[in-house]
Amino acid sequence: MTAPLISIQQVSKAFAEQTVLHQISLDIQKGEVIAILGKSGCGKSTLLNLVGGFEQPTAGQVLLENQVVTKASKRCMMLMQNYGLLPWRSVQKNVELALEGEALSKVERQQRAQYYLKLVGLENRLTALPSELSGGMQQRVAIARALAIRPEVILMDEPFAALDTFTRYYLQDELLAIQKNEQTTILLVTHDIDEAIYLADRIFIMSPNPGRIHRELYIRSAKPRDRSDAEFQYFREIIFNEFQFTHPQNTIEYNI
1 MTAPLISIQQ
11 VSKAFAEQTV
21 LHQISLDIQK
31 GEVIAILGKS
41 GCGKSTLLNL
51 VGGFEQPTAG
61 QVLLENQVVT
71 KASKRCMMLM
81 QNYGLLPWRS
91 VQKNVELALE
101 GEALSKVERQ
111 QRAQYYLKLV
121 GLENRLTALP
131 SELSGGMQQR
141 VAIARALAIR
151 PEVILMDEPF
161 AALDTFTRYY
171 LQDELLAIQK
181 NEQTTILLVT
191 HDIDEAIYLA
201 DRIFIMSPNP
211 GRIHRELYIR
221 SAKPRDRSDA
231 EFQYFREIIF
241 NEFQFTHPQN
251 TIEYNI
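Residue numbers for the sequence shown follow the working numbering, so the first one is 1 and each next one is one higher.
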């Protein structure tokens, strides 16, 4: 079997006297989309920060291509729901900002920014300011900025949570198309059960106090998936049972 791109090995994390994560172990292959699902406070975002090198584990280690992750780097880019765009910079200039530390000429930075903005469908909004864009468009700029670095991993912490349902569905499809084209590895933290089933190749369900991997689900069906088909409902039922919810109705969108 191919060596994993990311290997999380017996990782624990404590803050002061509180253990947030306890002996988390999982491997992620290149090009996989992995969803971390769990209730608030189970350590999902902390795990994401450990993979990105933004925090260090109390015990265990995180490996990226067999190298121990000791600090943040451009090999892993974080996407959050607040977009992080500079309001005084244009769409293109916001994407170029991520490239300013790279060994690229000004023209090369412009060309790469324009390429990824075209990829997310914003080639006609290059000079617009963030305030002139909808929330969905701003998140697409953030996705283009992350992709422009050409990272090995994109870490996503509730990236679509602030968006309306229709925009969220649209961006989920955009993300799948881009991920297929770029073969980027994605580690996604979400409270949205449907989002996890729709996007992920595997779902890890976490339990709290302290955070542990409770269950792993493999979803092998082709993407994009039909939210109304039997397999989708099957996985939804499993997850609802894990969280001891009542049985879901097909016409309702559920989040945890």
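Heads up, the beta-carbon is just placed ideally off N, CA and C, and yes, glycines get one too. As the structure is a computational prediction, the values presented were derived from the model and not from experiment.
Extent of the continuous beta strand (DSSP E) to which residue i belongs
i       : result
Asp-157 : 153 to 157
Leu-86  : First-last for Leu-86: undefined, no H or E at that position.
Gln-18  : 18 to 28
Thr-185 : 185 to 190
Leu-79  : 76 to 80
Three-state secondary structure (DSSP) of residue i
i       : result
Lys-13  : strand
Val-91  : helix
Glu-253 : In this predicted model, Glu-253 has a pLDDT of only 46, less than 50, meaning its place in the structure is not dependable enough to derive any value.
Ser-131 : helix
Gly-52  : helix
Arg-212 : strand
Ser-40  : coil
Ser-45  : helix
Gln-138 : helix
Leu-99  : coil
Leu-147 : helix
Thr-246 : Bear in mind that the predicted position of Thr-246 carries a pLDDT of just 43, short of 50, making it unreliable; the figure below should be weighed with that in mind. Looking at Thr-246 - three-state DSSP - the assignment turns out to be coil, as it is neither helix nor strand.
Supposed close pair residue i, residue j - CB separation, criterion 8 Å
i       : j       : result
Arg-227 : Asp-194 : 6 Å
Pro-224 : Leu-171 : With 8 Å as the limit, Pro-224 and Leu-171 do not qualify as a contact, their Cβ atoms being about 12 Å apart.
Val-153 : Val-95  : Wrong, their Cβ atoms sit about 19 Å apart, outside the cutoff.
Lys-74  : Ile-149 : 5 Å
Gly-60  : Gly-211 : With 8 Å as the limit, Gly-60 and Gly-211 do not qualify as a contact, their Cβ atoms being about 13 Å apart.
Leu-97  : Arg-89  : 7 Å
Gln-138 : Leu-86  : 11 Å between Cβ atoms; not a contact.
Gly-135 : Ala-162 : 6 Å
Residues bridged to residue i [DSSP beta-bridge criterion]
i       : result
Tyr-218 : Arg-202
Leu-62  : The question names Leu, but residue 62 is Val in the sequence shown. Partner(s): Ile-8.
Ile-34  : Leu-187 and Arg-202
Val-68  : Leu-63
Ser-73  : None, per the DSSP bridge assignment.
Opening and closing residue of the alpha helix (DSSP H) in which residue i lies
i       : result
Ala-113 : 106 to 119
Leu-176 : 165 to 182
Ala-230 : 230 to 242
Closer than 9 Å to chain C by CB, residue i
i      : result
Gln-56 : In summary, chain C is missing from the structure at hand, where a single protein chain is found.
Distance cut-off 8 Å: residue i Cβ against heavy atoms of the ligand SAM
i       : result
Arg-150 : This structure lacks the ligand SAM; in fact it carries no ligand of any kind.
- Does the stretch 118 to 134 come close enough to the stretch 46 to 54 that 3 or more CB-CB pairs lie under 8 Å? no
- Query: Is the stretch 59 to 69 in contact with the stretch 224 to 241, if contact means three or more CB pairs nearer than 8 Å?
  - Reply: They do not touch, by the three-pair rule.
- Item | the stretch 201 to 210 touching the stretch 38 to 45, judged by at least three CB pairs closer than 8 Å | The stretch 201 to 210 vs the stretch 38 to 45: in contact.
- Do the stretch 147 to 164 and the stretch 15 to 22 make contact, defined as three or more Cβ pairs closer than 8 Å? no
- Message: Is it the case that the stretch 5 to 13 contacts the stretch 103 to 121, given that we only count it when at least three CB pairs across the two stretches are under 8 Å?
- Response: no
- Message: Quick check: the stretch 127 to 136 against the stretch 179 to 190, are at least 3 beta-carbon pairs closer than 8 Å?
- Response: no
- Counting Cβ pairs, one atom from each stretch, are 3 or more of them under 8 Å apart for the stretch 181 to 191 and the stretch 24 to 36? yes
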